[in-house]
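**Student:** Provided herewith is a single structure, encoded as structure tokens, for subsequent inquiry.
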Amino acid sequence: MTLKVAPSILAGDLGDLRKEVERAENGGADLIHLDVMDGHFAPNITFGPGTIKALRKYSKLPFDAHLMISDPLRYLDRFIDAGCDIISVHVEVCTEKTFDEIIKKLNTNGVRAGIAINPNTEILDWVIKNLNSLYLLNVMSVQPGFSGQKFMQEVLPKMKKIDHIIHEKDFDTIIEADGGVDTSNVYDLARMGARILVAGSAVYGKPYTSKAIKELKEKALPAIKRI
Ligand code: DX5
Ligand code: ZN
């Protein structure tokens with residue numbers, strides 16, 4: 334797969350999310366990344382399924398919801414109903430059994446499933462076992478909570494390890510890089526296997542959205558072409 338950029342609207346103007354979704358789409362974004370936080374799993378409260386549902390009508394791009402919430406199963410139906418195309422839940426709040434329930438529900442409803450892992454969480458055996466049924470694995474390079482944090486490059490070896498497993502087993506699982514992604518690290522991220530680049534500040538912090546997205550891709554693409 335080629336490289337995709339998923340702007341995180343959390344880094345945009347929270348008073349005008351419709352404008353930020355449209356700005357990303359017009360600027361050439363491939364997906365819209367939606368950071369949902371409950372003030373419990375993550376030390377911030379953002380937006381929920383109601384906001385996502387309201388934004389759905391303003392974009393044709395796939396909605397990539399990243400649920401940083403303690404009880405994803407409890408709210409899953411509402412995020413499905415909101416029109417999310419991909420829903421990622423955190424491994425830290427799941428057991429293999431709850432994840433099994435989550436993935437069944439997502440599959441039944443035609444929603445793609447993802448697992449997100451915190452910077453300090455190692456890849457668990459049950460995640461590896463279920464890797465093939467995942468659309469994406471979100472490897473976080475900041476602690477959940479806020480956009481604009483510093484990229485933690487210590488996650489790169491973990492990303493490489495996951496990429497190795499995916500290739501070895503010939504799976505289609507996509508690695509998504511999330512947190513502090515910018516033009517200075519996208520080459521390394523792509524080299525470690527990342528194919529979806531979530532970018533908050535690196536897109537919304539820049540005056541020209543299409544230029545910002547283009548630059549991220551231009552810097553990262555040579556790493557893919559090398560392979
Ligand atoms: C952090 C979120 C990230 C973040 C990205 O909890 O999951 O998606 O908003 O923003 P930047 O790219 O600014 O780190
Ligand atoms: Zn995110």
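In my numbering, the protein residues as written are 334 to 560.
Built from N, CA and C at the ideal position, the CB exists for glycine as well.
Whole angstroms are fine: how far does the CA of E425 sit from the CA of H497?
**Tutor:** In the sequence shown, the residue the question calls residue 497 occupies position 164. In the sequence shown, the residue the question calls residue 425 occupies position 92. For H497 and E425, the distance between alpha carbons rounds to 22 Å.
**Student:** Are the beta-carbon atoms of Y541 and G345 separated by less than 8 Å?
**Tutor:** Here residue 541 refers to the residue found at position 208 when the sequence shown is read from its first residue. Here residue 345 refers to the residue found at position 12 when the sequence shown is read from its first residue. No, Cβ-Cβ distance for Y541 and G345 is not below 8 Å.
**Student:** From this set, D433, V369, N377, which residue's C-alpha is nearest T384's C-alpha?
**Tutor:** Position 51 of the sequence shown holds residue 384. When only C-alpha atoms are compared, the closest one is V369.
**Student:** Assuming V514 is part of the alpha helix (DSSP H), what are its boundary residues?
**Tutor:** Indexing the sequence shown from 1 puts residue 514 at position 181. Looking at the DSSP string, V514 is not in any alpha helix (DSSP H), and its letter there is neither H nor E.
**Student:** Anyone know if the C-beta pair for V565 and K550 falls short of 8 Å?
**Tutor:** The structure shown has nothing for residue 565, since the chain only spans 334 to 560.
**Student:** Using a Cβ-based criterion (distance less than 7 Å to any ligand heavy atom), does D511 qualify as near the ligand ZN?
**Tutor:** Numbered from its first residue, the sequence shown carries residue 511 at position 178. Result yes, Cβ under 7 Å from the ligand ZN.
**Student:** Could you check whether the Cβ of H399 sits closer than 7 Å to any heavy atom belonging to the ligand DX5?
**Tutor:** As a first step, residue 399 must be located in the sequence shown, where it is residue number 66. H399: yes, Cβ under 7 Å from the ligand DX5.
**Student:** What is the C-beta distance between V519 and K552, in whole angstroms, given that I count them as a contact (C-beta under 8 Å)?
**Tutor:** Here residue 519 refers to the residue found at position 186 when the sequence shown is read from its first residue. Here residue 552 refers to the residue found at position 219 when the sequence shown is read from its first residue. That belief holds up - the Cβ atoms of V519 and K552 are roughly 5 Å apart, short of 8 Å.
**Student:** Where L457 and N451 are concerned, what is the direct C-alpha to C-alpha distance, given to the nearest angstrom?
**Tutor:** Numbered from its first residue, the sequence shown carries residue 457 at position 124. Numbered from its first residue, the sequence shown carries residue 451 at position 118. Between L457 and N451, the C-alpha separation is close to 12 Å.
**Student:** By the 10 Å Cβ neighbour count, where 16 or more other Cβ atoms means buried, how is P382 classified, buried or exposed?
**Tutor:** Here residue 382 refers to the residue found at position 49 when the sequence shown is read from its first residue. When all chains shown are included, P382 counts as buried.
**Student:** Would you say the beta carbon of H423 comes nearer than 7 Å to a heavy atom of the ligand ZN?
**Tutor:** As a position in the sequence shown, residue 423 is number 90, starting the count at 1. No, Cβ of H423 sits at least 7 Å from all heavy atoms of the ligand ZN.
**Student:** Once the 5 residues before and after L464 are set aside, which same chain residues still bring their CB inside 6 Å of it?
**Tutor:** The residue you call residue 464 lines up with position 131 of the sequence shown. Excluding positions up to five away in sequence, the list reads F504, T506.
**Student:** Roughly how many angstroms lie between the CA atoms of L336 and A523, to the nearest whole one?
**Tutor:** Here residue 336 is taken as the residue at index 3 of the sequence shown, counted from 1. Here residue 523 is taken as the residue at index 190 of the sequence shown, counted from 1. So the alpha carbons of these two residues sit roughly 8 Å apart.
**Student:** Near I436, which residues of its chain fall below 7 Å by C-beta distance, leaving aside the five closest residues on each side in sequence?
**Tutor:** Position 103 of the sequence shown, counted from the start, is the residue given in the question as residue 436. Cβ neighbours of I436 beyond the five flanking positions: A446, S466.
**Student:** Beta-carbon separation of V460 and G512 under 8 Å?
**Tutor:** Within the sequence shown, the letter at position 127 stands for residue 460. Within the sequence shown, the letter at position 179 stands for residue 512. No, these two residues do not count as a Cβ contact at 8 Å.
**Student:** Please name the residue, chosen from K390, A357, D515, K352, that lies closest to E548 on a Cα-to-Cα basis.
**Tutor:** As a working note, residue 548 is residue 215 in the sequence shown. Among K390, A357, D515, K352, the Cα nearest to that of E548 belongs to D515.
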